[in-house]
Amino acid sequence: MQASKAKTTSVDAREAGQDEAIVYLNGEFLPLDQAKVPVLDRGFIFGDGIYEVVPAYSRRPFRWPEHLARLKRSLGKIKITNPYSDAEWLTLIESLIQRHPWSNQFIYLHITRGVAKRDHAFPKDCQPTVFAMSSALQAVPEALRSEGVAAITLDDQRWLHCDIKSISLLGNVLARQAAVDAHAAECIQFRDGQMTEGSSSNIWLVRGGEVIGAPVDHRILEGIRVGLIEALCKSCGIGFRTDAISRNEVFQADELLLSSATKEVLAITKVDGRAIGHGKPGPVYHKLYQAYQEAIAAN
Ligand code: PMP
Numbered sequence: 002m003q004a005s006k007a008k009t010t011s012v013d014a015r016e017a018g019q020d021e022a023i024v025y026l027n028g029e030f031l032p033l034d035q036a037k038v039p040v041l042d043r044g045f046i047f048g049d050g051i052y053e054v055v056p057a058y059s060r061r062p063f064r065w066p067e068h069l070a071r072l073k074r075s076l077g078k079i080k081i082t083n084p085y086s087d088a089e090w091l092t093l094i095e096s097l098i099q100r101h102p103w104s105n106q107f108i109y110l111h112i113t114r115g116v117a118k119r120d121h122a123f124p125k126d127c128q129p130t131v132f133a134m135s136s137a138l139q140a141v142p143e144a145l146r147s148e149g150v151a152a153i154t155l156d157d158q159r160w161l162h163c164d165i166k167s168i169s170l171l172g173n174v175l176a177r178q179a180a181v182d183a184h185a186a187e188c189i190q191f192r193d194g195q196m197t198e199g200s201s202s203n204i205w206l207v208r209g210g211e212v213i214g215a216p217v218d219h220r221i222l223e224g225i226r227v228g229l230i231e232a233l234c235k236s237c238g239i240g241f242r243t244d245a246i247s248r249n250e251v252f253q254a255d256e257l258l259l260s261s262a263t264k265e266v267l268a269i270t271k272v273d274g275r276a277i278g279h280g281k282p283g284p285v286y287h288k289l290y291q292a293y294q295e296a297i298a299a300n
């Protein structure tokens, strides 16, 4: 029992690609395989918590003020008292970045309501659990950059607070697995016939040279790249707006894009086996990708 437990722990660390990983847990930096959370943590029991994923390039966090603002919004929406000051959050992520060898990293921050006797209602006097780790931020493979990726369409089966970056990700997990089962990279979800978002990305339609995204409301997560794509469109002279988008409009788009912290902006060139536009990443994708790289360089 003990031997198999030890084996599992080291495999966990190795599979995470983090043999040397140092993680943060409740005020301490410690090796990944020594970080333990009690089973009564409400994150484990109820999925009662929120998270953030922050990219860092050349060891500098990218769009940190926006990520911190979203983290605080998510905490506020589920009534977890923010345990740290803005300065403490920044120190935490900078300390994690400095402890790892990679120039480009992404920092995962995870806050739960804490450990308490199992009861749905909020416990009194519960200290939030704060966990953070860093991973190497791998560039998207060149073949996917030049060819784009495939997506499937799916009815959105998630709850109605997709604006909260909740750790309860079962709906997103099932959606992503449906894409993987169909040999696709992402799914494009629809609620009441209107496009919402991917399993872990925002989706953009390009039509007549204009970029159109889903309305930013409770049905989607406001990706940090939503504001960024809007700003990049502006600087590139590309029209930008949000609007209701139907399934047909997705198939008839000139281009489709996805955006996320780890994929930046990426072309979707096939949906449900059908080519989008010319079936290759288009001119708007190329302009936005270039502008994204310039924003990173200027960070
Ligand atoms: N929507 C969902 C459901 C996501 O999980 C993500 C990735 N965190 C996004 C959108 C994109 O957000 P961001 O640009 O902040 O990575």
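Going by my numbering, the sequence shown opens with residue 2, and the numbers climb by one from there. Even glycine gets a Cβ: it sits at the ideal position worked out from N, Cα and C.
* Asked: Closest to Arg192 by CA distance: which of His121, Cys237, Asp157 is it?
  -> Out of His121, Cys237, Asp157, the CA that lies nearest to the CA of Arg192 is found in Asp157.
* Rounded distance between the beta-carbons of Leu258 and Trp205, thought under 8 angstroms -> With a Cβ gap of about 4 angstroms, Trp205 and Leu258 count as contacting.
* To do: Starting from Pro84, follow its DSSP beta bridges and name the residues at the other end.
  => None, per the DSSP bridge assignment.
* Which one of Val251, Glu211, Ile225 has the shortest CA to CA distance from Gly240? -> Nearest to Gly240 by alpha-carbon distance, out of Val251, Glu211, Ile225, is Glu211.
* Asked: Among the residues of its own chain, which have a CB less than 6 angstroms from the CB of Tyr293, if the five just before and after it don't count?
  -> Only residues of its own chain outside the window of five on either side were considered, and among them Glu265, Val266 have a CB closer than 6 angstroms to the CB of Tyr293, listed in chain order.
* First and last residue of the uninterrupted beta strand (DSSP E) at Gly240 -> Residues 240–243.
* What do you reckon, is the C-beta of Glu187 under 8 angstroms from a heavy atom of ligand 1? -> Using a cutoff of 8 angstroms, the CB of Glu187 does not count as near ligand 1, since none of the ligand's heavy atoms is closer than that.
* Asked: Going by other Cβ atoms of all chains shown within 10 Å of its Cβ, with 16 needed for buried, is Glu89 buried or exposed?
  -> The residue is exposed, with fewer than 16 neighbouring Cβ atoms inside 10 Å.
* Asked: Tell me which same chain residues have a C-beta within less than 6 angstroms of the C-beta of Lys288, skipping the five on either side of it?
  -> Taken in chain order, the residues that qualify are Cys237.
* Identified DSSP bridge partners for Cys237 -> Paired residue(s): none; Cys237 is not in a bridge.
* Asked: Is it a yes or a no for the region 170–189 touching the region 85–101, going by three-plus beta-carbon pairs under 8 angstroms?
  -> By the Cβ criterion, the region 170–189 is not in contact with the region 85–101, since fewer than three pairs of Cβ atoms, one from each stretch, lie closer than 8 angstroms.
* Look at His111 and Asp164 and say whether their C-beta atoms are less than 9 angstroms apart. => In terms of Cβ geometry, His111 and Asp164 do not form a close pair [threshold 9 angstroms].
* Where do the N-terminal and C-terminal ends of the alpha helix (DSSP H) with Arg248 fall, by residue? -> Its alpha helix (DSSP H) spans residues 248–252.
* **Under the three-state DSSP convention, the category Asn300 falls into** => Assigned with DSSP and collapsed to three states, Asn300 falls in coil, not helix or strand.
* **Member of Ile246, Ser135, Ser147 whose CA lies at the smallest distance from the CA of Arg61** => When each option's Cα is compared against that of Arg61, the closest is Ser135.
* Asked: In chain order, what residues of the same chain lie with their CB nearer than 6 angstroms to the CB of Glu231, ignoring the 5 residues before and after it?
  -> Take Glu231, set aside five residues on each side of it, and the residues of its chain with a beta-carbon closer than 6 angstroms to its own are Phe241, in chain order.
* Asked: Can you check whether the CB of Thr113 is closer than 9 angstroms to the CB of Gly312?
  -> Shown here, the chain extends from 2 to 300; a query on residue 312 therefore has no answer.
* Nearest-angstrom Cα distance between Ala262 and Pro142? -> Straight-line Cα distance between these residues: approximately 15 angstroms.
* Asked: Is it right to say Arg119 is buried, meaning 16 or more other beta carbons lie within 10 angstroms of its own, or is it exposed?
  -> Counting C-beta atoms within 10 angstroms of its own C-beta, Arg119 has fewer than 16 neighbours from the protein chains shown and is therefore classed as exposed.
* Provide the residue span of the beta strand (DSSP E) that contains Gly214, from first to last. => Looking at the DSSP string, the run of the beta strand (DSSP E) that includes Gly214 is 211–214.
* Taking all protein chains shown into account, do 16 or more other C-beta atoms lie within 10 angstroms of the C-beta of Tyr286, making it buried, or fewer, making it exposed? -> By the neighbour-count criterion, in which a residue is buried when 16 or more other Cβ atoms sit within 10 angstroms of its Cβ, Tyr286 is buried.
* Asked: DSSP state of Ala292, grouped into three classes?
  -> Helix, per DSSP.
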